[in-house]
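Peer 1: Numbering (mature numbering (1 follows the signal peptide of the UniProt record, and there is no 0)), first residue to last: -15 to -1, 1 to 323.
Before we start, here is the structure in question, set down as structure tokens.
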């Protein structure tokens, strides 16, 4: 009877936490408002997540992360932000990169999956050991899924994350992923903070090297904001935080046309009706000149319908320019015609 009461109490406590949006605090780092940043923050708002942007409109000292290592500034900014949470055992911190992440679930779903992992801190995982491939042999083996840590998205209890990010010194120009990798590969720290990797993408999906693992799921959903979901076909999971790391930015752009409640079968293109500009229909020359860019990197269906939809646009054709980049030889005549 006593055992039943203890386990029953634990279950109820965790269920209550899952249903409380206030437990989840999202942090991201962005020093400027790029299109990627606006897409990330829009997805956060779509699912009513409580988020803070660190470093906005301040100088970036974290190195050229697009081409080499860097990003230590992100850790430093997070250290400062989490000072108020360092003793709050009820606070769950979700950190995501600020320019190439899309959220596709609310706090309840994210927390439920985090609790199910049994981790105190859960990092996203990928198939590449970066930036130091020599550390690959030190990683624990996994039964299934990706083996290596990616620091572009992680979630955990605030006290554990605070201790991790203050464990060792770090310069702004140092690499943040290498910092977290060394922490994870230390068996004492890994056990102390119950650090795990989301190897089968229950929450996080890193796209670099894994675009063939995923596909859009348009099957009916009871949640209006989640009419389009991402299915990981390799592991039978449905990741809800999608990270376009490395060379996968183009594929993230494709997925971003649907997930994050950008489009759904009920409302169509939800984002298309946001931030609209009122134009003066009296003078055609007053209309902004719009350039459309079409990139055809591989064989794709419905190309004719795409071009026909452009021709049907209710917009002065003299104020529209189009640039077509085509790598598919069989589409050459079709592109030339339009």
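All C-beta atoms, glycine included, are put in the ideal place defined by N, C-alpha and C.
Once DSSP output is grouped into helix, strand and coil, what is the label at residue 85?
Peer 2: Coil, per DSSP.
Peer 1: Would you kindly check if the distance between the Cβ of residue 251 and the Cβ of residue 214 is under 8 angstroms?
Peer 2: Their beta carbons are not under 8 angstroms apart, which means residue 214 does not touch residue 251 by this criterion.
Peer 1: Nearest by alpha-carbon distance to residue 93: which of 33, 71, 87, 62 is it?
Peer 2: Answer by Cα proximity: 33.
Peer 1: Look up residue 13 in the DSSP assignment and say whether it is helix, strand or coil.
Peer 2: DSSP places residue 13 in strand when its eight states are reduced to three.
Peer 1: So within the region 193 to 262, which uninterrupted alpha helix (DSSP H) runs reach at least 4 residues, ignoring any that extend past its ends?
Peer 2: Correct list: 234 to 240.
Peer 1: What's the call for residue 222, buried or exposed, on a 16-neighbour Cβ count within 10 Å?
Peer 2: When all chains shown are included, residue 222 counts as buried.
Peer 1: On the DSSP bridge assignment, give the partners of residue 90 in chain order.
Peer 2: None, per the DSSP bridge assignment.
Peer 1: Between the beta-carbon of residue 149 and the beta-carbon of residue 64, is there less than 8 angstroms?
Peer 2: No. Outside cutoff.
Peer 1: For residue -4, is the classification buried or exposed, using 16 other Cβ atoms within 10 angstroms of its Cβ as the cut-off for buried?
Peer 2: Because the pLDDT of residue -4 is 38, which lies under 50, any placement of that residue in the model is unreliable, and the number read from its coordinates should be weighed accordingly. Exposed, since its Cβ has fewer than 16 Cβ neighbours within 10 Å.
Peer 1: If you reduce the DSSP assignment to three classes, tell me which class residue 298 lands in.
Peer 2: Residue 298 falls in the coil class under three-state DSSP.
Peer 1: Locate the beta strand (DSSP E) running through residue 279, then write down its first and last residues.
Peer 2: From DSSP, the beta strand (DSSP E) with residue 279 extends over 275 to 281.
Peer 1: Taking residue 110 as part of the beta strand (DSSP E), name the residues at either end of that continuous run.
Peer 2: It spans 106 to 111 - the beta strand (DSSP E) in which residue 110 sits, taken as one unbroken run.
Peer 1: As a quick exercise: from 227, 9, 293, pick the residue whose alpha carbon is nearest that of residue 36.
Peer 2: Ranking the options by Cα distance to residue 36, first place goes to 9.
Peer 1: Assuming residue 88 contacts residue 255 under a Cβ cut-off of 8 angstroms, what Cβ separation, rounded to an integer in Å, is found between them?
Peer 2: About 15 angstroms; that fails the 8 angstroms criterion.
Peer 1: Near residue 198, what residues of its chain come up, given a Cβ to Cβ distance below 7 angstroms and the 5 sequence neighbours on each side ignored?
Peer 2: Excluding sequence neighbours, residue 198 sits near 217, 218, 219.
Peer 1: Just curious, the alpha helix (DSSP H) that residue 177 is in, first and last residue?
Peer 2: It spans 172 to 177 - the alpha helix (DSSP H) in which residue 177 sits, taken as one unbroken run.
Peer 1: Taking the straight line between their C-alpha atoms, what separation do you get for residue 206 and residue 249?
Peer 2: Their backbone Cα atoms lie some 11 angstroms apart in a straight line.
Peer 1: Could you tell me the distance, in whole angstroms, from the CA atom of residue 111 to the CA atom of residue 265?
Peer 2: C-alpha separation (whole angstroms): 49 angstroms.
Peer 1: Just to confirm, is the Cβ distance from residue 23 to residue 40 under 8 angstroms?
Peer 2: No, the pair does not count as a contact, with Cβ atoms beyond the cut-off.
Peer 1: In chain order, which continuous runs of the beta strand (DSSP E) of length 3 or greater are located wholly inside the region 128 to 177?
Peer 2: With a minimum length of 3 residues, the continuous beta strand (DSSP E) runs that stay inside the region 128 to 177 are 133 to 142.
Peer 1: Using only the alpha-carbon positions, how far apart do residue 245 and residue 29 sit?
Peer 2: Looking at the two C-alpha atoms, the distance is approximately 8 angstroms.
Peer 1: So the beta strand (DSSP E) residue 38 belongs to, where does it begin and stop?
Peer 2: 36 to 39 is the extent of the beta strand (DSSP E) around residue 38.
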